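In the numbering used here, the protein residues as written are 148 to 466. What follows is a set of notes on a single structure, which appears directly below.
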């Protein structure tokens, strides 16, 4: 049986090479205790010559994760996913000892026709799959519609969220992010809007691409986080449930953006009340439970995970 996990629990997702020597320190929550999810990567972060040692390291890590969890009570651990190089590698990993100690797979470069094969690869596990949308097919509305229908027809509950691979999509266009700009001012704006319409309208959540600018190219100093903060604020408003990060300094910026304002919380609570009127005014806006119920439920989910802006973080379910 699949674990019951809210996609909002993903928060800021940190990718980490499987060969990183202190990876278990992050998994155990001893480093970056605010980290909510991480991906052990055997794809881009691993040289072809290191695949065998990477697989051996992963299996030892999977077993050790179980031991760490047994040794530590009443502690929140980050969600842990594995990103294999390909489907064949995923099948081998799914048979490893300790595989039940993680939460799922990040499936790279998923195209129409691929997802059913991923479901088959993990059929004997209780793991989630997070397909990554990062190929030229993502720009094709027809291809994405076909992929969505494939998701719907093959264990849709396996999908915790869809990951949008921003850098790979930019590479398809021969571009990369430069300067102080957000995702929403660039050429991917149409694409993410289209994905939201096609995927989210059928219940599939999405996570936002990484903001890869962390240092000033001329000075090497860490850049001010204003542009990241602006982008993740738009991510939340757009409907994304998490964001890939590449540096620990991005964790607080991303996860603070998912906190709920007191006004939105109270509005959601009133909309979900059993005795709510069919239409009423609150906070200067019209509230209509029949129309706004899903929004209100999502607000409550965010509040449960991240808390309310300006209030004690310990009131959240996962401080």
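Quick reminder that beta carbons are idealized off the backbone N, C-alpha and C, glycines included. No experiment lies behind these values; they were computed from the predicted model shown.
Considering only the alpha carbon of each residue, which of 284, 181, 412 lies closest to residue 315? Your numbering for residue 315 matches position 168 in the chain shown. Nearest of 284, 181, 412 to residue 315, Cα basis: 284.
With a threshold of 8 Å, are at least 3 pairs of Cβ atoms found where one atom belongs to the stretch 299-319 and the other to the stretch 263-271? Yes: at least three Cβ pairs fall under 8 Å.
9 Å Cβ cutoff met for residue 308 and residue 277: Along the chain shown, one-based indexing puts residue 308 at 161. Along the chain shown, one-based indexing puts residue 277 at 130. Yes, the pair counts as a contact, with Cβ atoms nearer than the cut-off.
Restricting to Cα atoms, I'd like to know which of 345, 426, 448 is closest to residue 388. Residue 388 sits at position 241 when you count from the first residue of the chain shown. Out of 345, 426, 448, 448 has the C-alpha closest to the C-alpha of residue 388.
Is residue 239 closer than 9 Å to residue 274 when the C-beta atoms are compared? What you label residue 274 is simply residue 127 of the chain shown in a count that begins at 1. What you label residue 239 is simply residue 92 of the chain shown in a count that begins at 1. Residue 239 sits away from residue 274, with the two beta carbons spaced by 9 Å or more.
Through-space distance from residue 178 to residue 172, alpha-carbon basis: Stepping through the chain shown from its first residue, residue 172 is reached at position 25. Stepping through the chain shown from its first residue, residue 178 is reached at position 31. A straight line joining the alpha-carbon of residue 172 with that of residue 178 spans about 6 Å.
In the structure shown, what three-state DSSP assignment does residue 160 receive? Along the chain shown, read from residue 1 onward, the residue named residue 160 stands at position 13. In this structure, residue 160 counts as strand in the three-state DSSP scheme.
Three-way DSSP call (helix, strand, coil) for residue 408 in this model: On the chain shown, residue 408 is found 261 positions in, with the first residue counted as 1. Note: residue 408 maps to coil in three-state DSSP.
Per the contact definition of three or more C-beta pairs closer than 8 Å, is the stretch 196-210 in contact with the stretch 244-253? Contact between the stretch 244-253 and the stretch 196-210 is present, because at least three Cβ pairs lie under 8 Å.
Check whether residue 397 and residue 358 have beta carbons under 9 Å apart: The residue given as residue 397 occupies position 250 in the chain shown. The residue given as residue 358 occupies position 211 in the chain shown. Contact: yes.
Taking 8 Å as the cut-off, does the stretch 380-387 touch the stretch 407-423 (at least 3 CB pairs, one atom from each stretch)? Because the criterion of three Cβ pairs below 8 Å is not met, the stretch 407-423 and the stretch 380-387 do not touch.
Is there contact here, the stretch 153-160 with the stretch 180-190, by at least three beta-carbon pairs under 8 Å? Because the criterion of three Cβ pairs below 8 Å is met, the stretch 153-160 and the stretch 180-190 touch.
Where residue 428 falls: helix, strand or coil (DSSP): Position 281 of the chain shown, counted from the first residue, corresponds to residue 428. Strand, per DSSP.
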